[in-house]
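Mind the numbering: the sequence shown is residues 918 to 1234 in my numbering, read in order. Just so you know, even glycine gets a beta-carbon here, dropped at the ideal spot from N, CA and C.
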Amino acid sequence: MKVEALTATCLDEAAELLAATQRAGEGPASGVWRASAAAEVIAASLPGALALAAMERGVLVGFLVVPLPGAPGADPVRILDHHHAADPGRARDAYRALYAPAAASLVGFGCFHHVVRVLIEPPGAVQAFGELGFGVDQIKGVQPLGSRLSATGEPGEAGLDDVDELVSLYIELATYHARSPVLRPAALDVAATRSELVDTVEDPRRTILVARDGRRIIGMIEAHPDARHLDTVTIGLNIVTERARSRGVGTALLDGVLGWGLDAGYRHCAVSWASANLVSDAFYRARGFVPFRYELVRRIDPEVSWANERLDYSLLG
Ligand SMILES: CC(C)(COP(=O)(O)OP(=O)(O)OC[C@H]1O[C@@H](n2cnc3c(N)ncnc32)[C@H](O)[C@@H]1OP(=O)(O)O)[C@@H](O)C(=O)NCCC(=O)NCCS
């Protein structure tokens, strides 16, 4: 297998591979289900990216587009759904061959945090990246809209007067994710969160539903049209304040979003959660969400930048 630059000459083959992979996946239809749309999306992702093709006997068996950061450094490099695909029969070899030069370039540019989104089916990509040192960080699940959950309580829409309380819930969610075993740094840009909340409340395509105990908000759920999957509403943030948990409030909020999505004409509801968040993992699976995509992460020890093959042991005599 040979790895070379992905150029316009093999764009159609790459688009066929991507569209076929997306069609074979078990998630809702994506915007690149058709090869014509896939070709446009791949072409748009090429400027400023490292784009590689895996060729076997002159046939493209896989490709990888790695968006490069504007500046070297610590920001994660995110390889999204439409940035890669491989022939299912050659996926393992293709991804291994493609990632080797990509990882070398990224590390050379100071990028040690690599993220790749992969469909769970067909399983080749998950397996290949798993064998390259990646692990599951985020899970995206989906369920068809149609049936409602058995829930008590009718959540209402949030208004601009609720924004301060919603910001407090966001802070609680960030600190919740800092606990073990998620251990994600609780670093929230409060001003940006506030302005995002105002935008969401004012946007008719999005919703924030809230549950109240008296006048006080005890839980919230936010939902918006999915950026990649057709006819799909996606849940962004969802939290019930700690003292009100395990009493059915989260189920009532979720049921409210399922009803909102159905009324708005969507066919699927999706949500992403941190795999290490034991509570949300149990909650979403038990409430009907079936995983279809992983976000895999690999963090490389930055010491490879000096402890590498150029290390001069002759100094030790
Ligand atoms: C996930 C969450 C929104 C659910 O809200 P809730 O009001 O507690 O939910 P409900 O009372 O309707 O349902 C409780 C369900 O949560 C899950 N759950 C609650 N505590 C749990 C625990 N200690 N371990 C595993 N699962 C647990 C179970 O699935 C449980 O359902 P069950 O009773 O049928 O087993 C809430 O627990 C929460 O805010 N968690 C922290 C933030 C978070 O993880 N948000 C979602 C991801 S962004």
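Use the C-beta contact count for residue 1151: other C-beta atoms within 10 angstroms, 16 or more gives buried, fewer gives exposed.
buried
Based on DSSP bridge pairs, tell me the residues matched to residue 921.
970
Just how far apart, CA to CA, sit residue 1026 and residue 967?
12 Å
Under the three-state DSSP convention, the category residue 926 falls into
helix
Under 6 Å from any heavy atom of ligand 1, does the C-beta of residue 1093 make it?
yes
Residues of its chain near residue 928, where Cβ-Cβ distance is below 7 Å and the 5 sequence neighbours each way are ignored:
956, 959 and 960
Quick check: does the Cβ of residue 1216 come within less than 6 Å of any heavy atom belonging to ligand 1?
no
Express the C-alpha separation of residue 1134 and residue 1094 in angstroms, rounding to a whole number.
20 Å
Taking buried to mean at least 16 other C-beta atoms within 10 Å of its own C-beta, is residue 998 buried or exposed?
buried
Residue 1142 - DSSP class collapsed to helix/strand/coil
strand
Which same chain residues end up closer than 8 Å to residue 963 when comparing Cβ atoms and leaving out the 5 residues on each side of it in sequence?
923 and 982
Those residues which DSSP pairs with residue 1069 across a bridge:
In DSSP, residue 1069 forms no bridge with anything.
Rounded separation between residue 1148 and residue 1088 - CA only:
31 Å
Whether residue 1015 touches residue 971 by CB criterion (7 Å)
yes
Please state whether the Cβ-Cβ distance between residue 1122 and residue 1142 is less than 7 Å.
yes
If you measure from the CB of residue 1203, is any heavy atom of ligand 1 nearer than 6 Å?
yes
With DSSP run on the structure shown, which of helix, strand or coil describes residue 1183?
coil
If I follow the unbroken alpha helix (DSSP H) through residue 1026, where does it start and stop?
Taken as a continuous stretch (DSSP letters only), residue 1026 belongs to no alpha helix (DSSP H), as it is neither H nor E.
Would a C-beta distance cut-off of 7 Å place residue 942 and residue 1145 closer than the cut-off?
no
Cα-Cα, which of 1082, 954 and 1063 is closest to residue 1175?
1063
Any chance you could list the alpha helix (DSSP H) runs of at least 4 consecutive residues sitting entirely within the segment 1057-1143, in chain order?
1080-1094 and 1107-1119
Per the contact definition of three or more C-beta pairs closer than 8 Å, is the segment 1099-1117 in contact with the segment 1208-1215?
no
Segment contact, 8 Å Cβ cut-off, at least three pairs: the segment 1040-1054 with the segment 1001-1017
yes
CA-to-CA distance, residue 1217 to residue 1030, given in whole angstroms:
6 Å
Is residue 1157 near ligand 1 - that is, is its Cβ less than 6 Å away from at least one heavy atom of it?
yes
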